[in-house]
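Following the UniProt record's numbering, the numbering of the sequence shown begins with 1 at its first residue and continues without gaps.
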Amino acid sequence: MKNEYKIIVMFLILSGIFCLGIEDLKAQERNYGVLIDEALDTYEENKIRRFRKGVFEPKHLSQKDDVMKTGDQDKEVIKVMIDVLDFKNVDIMDVLKVIAKKSNLNIVAGRGVAGKVNIYLQDVEVREALKIILESQNLTFAEEGNILRVMTAKDFQLKYGHKFGEKLEISVVQLVYADALAVNSILTQMKSVIGKVIVDKSSNSIILIDTSDKVRLLEQLILEIDAPRITQVFELYYGKVEDVAPKVTELLTKNIGRVEFDVRSNKLIVTDVPEKILQVEKLISTLDDKEKVVFIEAKILQVVLSDQQKMGVDWEGIVANYKNLNLKSNFDVLESSDKRGTVSVGTLSDDNYTALLEALEEEGATNILSNPRITVTNNNAAKILVGSTEPYITSTTITPSSGPTTTSESVNFIEVGVKLYVTPTIHRGGFITMNIKPEVSSVIRTVTTSNNNTIPVVETSEAETTVMVKDGVTIVIGGLIKDETIDSEKKIPLLGDIPLLGRAFKNTNHFSRKTELVIFLTPKIVSGDVDNHIDIETYKSLSY
């Protein structure tokens, strides 16, 4: 029996909770239905003006038309008067009991209703008394049928979707240019939780129901959207329409603007309100800008080192002895890959180039190997080769499971000499960052394969550094040392060419020497046409 009794009690409790939940949902549905009905009534009464206003309160806040039932007698809450309320540090729950008894109202207090009341009121309406008392405790109330529910302000907003006492406003806007359905999708994202956006297709109108601030905001948005749409064609001179179109689309009014493009003519066709078209115009002028390029003039010198300079050019000595050169240095900043020396990097003003050549001639005999010039686009790599392309043959043998073995030969090439990779990056203020990778290679011997193919063995010395300079300032790179074997022959003309006997009339010498490569790079930012320079698209690298 006890267990059955417990089951019956639990069932009754759960049924009560469920019924209360259903009542809450029904109450919200009734309240929201009132908003729609009153909005439509207001709209039907005023179908002429572009903007039509109306202010009202939801049913649970109305000071009229709500009737509370207490026992067998119906009384309007607004007419229920209380003679005297005199409380000094009295618990709020006891205060509500007194008010319920004096007014014959059914009052239900929710969770979180607590506090002490100190107040004296005389000849006051019950609603006004409740507002004064509850607001002092940050509490609110709502009328649902014949029950007056007291709750915290937070619970009220969670339950009804707006603050206690907040009035809703109706505004009906008739659109002239834009489509009401398209505008509706935009406004719906901007309304408040309790707001509502209704579309009247027949008159192409929008009915706004929301708080006063939100209605003002939505009306302003409608004015911006409901403007005459214009179409403008933009021709791109440097960029590609397929690259620019997605960025333009992000800027357009959602569901209103659109963009089309023609790849053949490289044109964009944009349709939107005038304000957006102006923004698109600014965006395209920024994106469709002529790509900046850098003109690089290079000088590659070879310095034959004397016996006293086997470790390379004494750059620190040059800086110390030729102070008028204004050679700003950052020497020994990077070692070369073969550890035979260090790469020295410095900068030099353009008018001191000749003086530096004279200083280098004191270090050893100098020879200008090449003076290439190249134009490269911003952030792209350029390659300069001063040397040769050495061929070699490789063989491939195929032995099938059946049939004869076949051998095929292919010719391959390897670049030897001086290679220079340069990647410029343009910055504000006329500064350029140069990523520089010099490489020096030479064939030191050959290897003969079993197929009698000769494969060259290449020795390579390379380094990499990054330097930031002002436009027009020369970068000096030294320290790329190379060992060379020189074969020289001296002979008496004609006699030295006689077979066999000619050996007596000529002399052949073999000797080794060290050389150091010195590279001068002068980058210049090119603005405007570059017809007098190398064509960018035709030549990405030069060979000498």
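Cβ coordinates follow ideal geometry from the N, Cα and C atoms, glycine included.
Around Val108, the same chain offers Ile147 and Arg149 as residues with beta carbons nearer than 6 Å, after the five sequence neighbours per side are excluded. Distance check between Lys383 and each of Glu358, Phe295, Asp123 and Val197 places Phe295 closest, using alpha-carbon atoms only. Going by C-alpha positions, Thr377 is about 16 Å away from Leu287. Taken in chain order, the whole beta strand (DSSP E) runs of length 3 or more contained in the stretch 195 to 270 are 196 to 200, 205 to 211, 230 to 235 and 258 to 262. With contacts defined by Cβ atoms closer than 8 Å, Gly417 and Val447 do not form a contacting pair.
Here Ala109 carries a strand assignment [DSSP, helix/strand/coil].
In this structure, the alpha-carbon of Glu415 lies about 8 Å from that of Ser441. Beta-carbon to beta-carbon, Thr474 and Thr423 are separated by about 18 Å, too far to satisfy the 8 Å threshold.
In this structure, His427 is the residue among His427, Ser306 and Val259 with its C-alpha nearest to the C-alpha of Ile525.
Between the beta-carbon of Leu168 and that of Ala153 there is about 18 Å, and that puts the pair past the 8 Å contact cut. Secondary structure in the stretch 428 to 491: the beta strand (DSSP E) runs of 3 residues or longer, each lying completely within the stretch, are 431 to 448, 454 to 462, 465 to 470 and 474 to 491 in chain order. Segment contact: the stretch 185 to 199 against the stretch 214 to 229, three or more CB-CB distances shorter than 8 Å; contact assigned. Shown here for Ile222: same chain residues with a beta carbon closer than 6 Å to its own, the five before and five after excluded, namely Val173 in chain order. Within the model, the alpha-carbon separation for Val84 versus Gly115 is close to 20 Å.
Looking at the DSSP output, Glu275 sits in no beta bridge, so it has no partner there.
Here Ala298 carries a strand assignment [DSSP, helix/strand/coil].
Look at Met311 here: in three-state DSSP terms it is coil, with no helix or strand label. Using a 10 angstroms sphere on the CB of Val313, the tally of other CB atoms reaches 16 or more, which defines it as buried. Residue state for Asn184 is assigned as helix, using DSSP reduced to three classes. With contacts defined by Cβ atoms closer than 8 Å, Ile170 and Ile207 form a contacting pair. Taking all protein chains shown into account, Phe164 has 16 or more neighbouring C-beta atoms within 10 Å of its C-beta and is therefore buried.
Scanning its chain for C-beta atoms nearer than 6 Å, with the 5 sequence neighbours on each side dropped, one finds around Gly472 the residues Lys524, in chain order. In the DSSP assignment, no residue is bridged to Ser285. In this structure, Ile92 lies away from Val124, with their beta-carbon atoms at least 8 Å apart. Each of Leu268, Lys159, Ile82 and Pro493 was checked against the Cα of Gln122, and the nearest Cα belongs to Ile82. Per DSSP, Lys97 is one residue of the alpha helix (DSSP H) stretching across Ile92 to Ser103. Distance between Thr188 and Ala178, taken at the CA atoms: about 16 Å.
Taking the C-beta atoms as reference points, Val518 is found nearer than 8 Å to Leu301. In the displayed model, Ile374 falls within a strand according to three-state DSSP.
For Glu415, the enclosing beta strand (DSSP E) stretches over residues Thr406 to Ile426.
Here DSSP, grouped into helix, strand and coil, assigns Gln174 to strand. Bounds of the beta strand (DSSP E) holding Gln122 are Lys116 to Glu125. Cβ neighbours of Val176 within its own chain (closer than 7 Å, five residues either side excluded): Asp226.
Under a 10 Å Cβ-count criterion, Tyr160 is classified as buried, with 16 or more other Cβ atoms of the shown protein chains found around its own Cβ. Counting other Cβ atoms within 10 Å of its Cβ, Gly346 reaches 16 or more and is therefore classed as buried. Around Glu409, the same chain offers Ile393 and Ser395 as residues with beta carbons nearer than 6 Å, after the five sequence neighbours per side are excluded.
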